[in-house]
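Since the structure comes first, as structure tokens, the remarks are kept for the end.
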Amino acid sequence: MFVLNVEAAIYKDDKWLMIRRSEKEEHAGGGLAFVGGQVDQEGFSYDILERSLKREVFEEVGIEVEVEQYVNSSSFVTDKGEHVVDIVFLCRYVSGEAFAKSVDEVDDVYWLTQEELMEQTGLPDFLMRNLEMAFDKRR
0 MFVLNVEAAI YKDDKWLMIR RSEKEEHAGG GLAFVGGQVD QEGFSYDILE
50 RSLKREVFEE VGIEVEVEQY VNSSSFVTDK GEHVVDIVFL CRYVSGEAFA
100 KSVDEVDDVY WLTQEELMEQ TGLPDFLMRN LEMAFDKRR
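Position 37, counted from 1, in the sequence shown is what numbering that gives the first Met the number 0 calls 36; the numbers after and before it change by one each time, with no gaps.
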């Protein structure tokens, strides 16, 4: 059984929204990341990935986004041994002021240009790959 996770590569003009994950997080605490989270079980429903992503974005950073297109999917295993399928979507900022709304999940928010993101050191390979794919989808 997999945990299903969705992430938002959010752009606004020439900047991308990234969060610093809370140190309280069991997985990748303190790391730079896209906004996202687990998809809840709903039984029979439509657009569950997109709705879940919009909900997670609003809960974590307080903004509204439009989900535009699929970027990438991957899988990984958490430190606790949970198998996760992760799906990244390209999202356009719509409204609101981004802030660390969910303090248990987010320590800080940053709007960074593509150049600033590519200059970051120590980013995990999977994040760099997802960033590059999001940049390509946006072009």
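Heads up, the beta-carbon is just placed ideally off N, CA and C, and yes, glycines get one too.
What you are looking at is a predicted structure, and each value in this text was computed from that prediction instead of being measured.
Quick one, which of the options has its alpha-carbon nearest residue i's?
| i | options | result |
| --- | --- | --- |
| Asp39 | Glu81, Ala97 and Leu48 | Leu48 |
| Gly36 | Val87, Tyr10, Arg137 and Met132 | Val87 |
| Ala7 | Asp46, Ser51 and Phe1 | Ser51 |
| Gly61 | Glu41, Leu89 and Val105 | Val105 |
Run the CB neighbour count on residue i, radius 10 Å, all protein chains shown included, and call it buried at 16 or more, exposed below.
| i | result |
| --- | --- |
| Asp85 | buried |
| Phe33 | buried |
| Val64 | buried |
| Tyr45 | exposed |
| Val66 | buried |
Rounded to whole angstroms, what is the Cα-Cα separation between residue i and residue j?
| i | j | result |
| --- | --- | --- |
| Asp103 | Arg20 | 9 Å |
| Arg132 | Arg138 | First, the amino acid is wrong: residue 132 is Met here, not Arg. One C-alpha to the other measures close to 10 Å. |
| Tyr10 | Pro123 | 20 Å |
| Asp12 | Gly80 | 38 Å |
| Asp107 | Phe98 | 7 Å |
| His82 | Phe125 | 16 Å |
| Phe134 | Gln113 | 8 Å |
| Phe75 | Val93 | 30 Å |
| Cys90 | Lys100 | 19 Å |
| Asn4 | Arg128 | 17 Å |
| Gly42 | Val2 | 15 Å |
| Tyr109 | Glu96 | 11 Å |
Between residue i and chain D, is the shortest Cβ-Cβ distance under 8 Å, so that the two count as touching?
| i | result |
| --- | --- |
| Asp78 | Structure shown: chain D not included; a single protein chain is present. |
Next item on the list: Can you check the stretch 5-80 for any alpha helix (DSSP H) of at least 4 residues that lies completely inside it and give the ranges in chain order?
Entry: With a minimum length of 4 residues, the continuous alpha helix (DSSP H) runs that stay inside the stretch 5-80 are 47-60.
Notebook entry, point to check: Are the stretch 55-64 and the stretch 4-21 touching by the rule of at least three beta carbon pairs closer than 8 Å?
Noted result: Segment contact: the stretch 55-64 against the stretch 4-21, three or more CB-CB distances shorter than 8 Å; contact assigned.
Next item on the list: Evaluate contact between the stretch 113-124 and the stretch 64-84, counting only Cβ atoms and requiring at least three cross-stretch pairs below 8 Å.
Entry: No, because fewer than three Cβ pairs between the stretch 113-124 and the stretch 64-84 fall closer than 8 Å, the two stretches do not touch.
Note to self: At 3 residues or longer, what runs of the beta strand (DSSP E) sit wholly inside the stretch 105-132?
What the structure shows: With a minimum length of 3 residues, the continuous beta strand (DSSP E) runs that stay inside the stretch 105-132 are 105-112.
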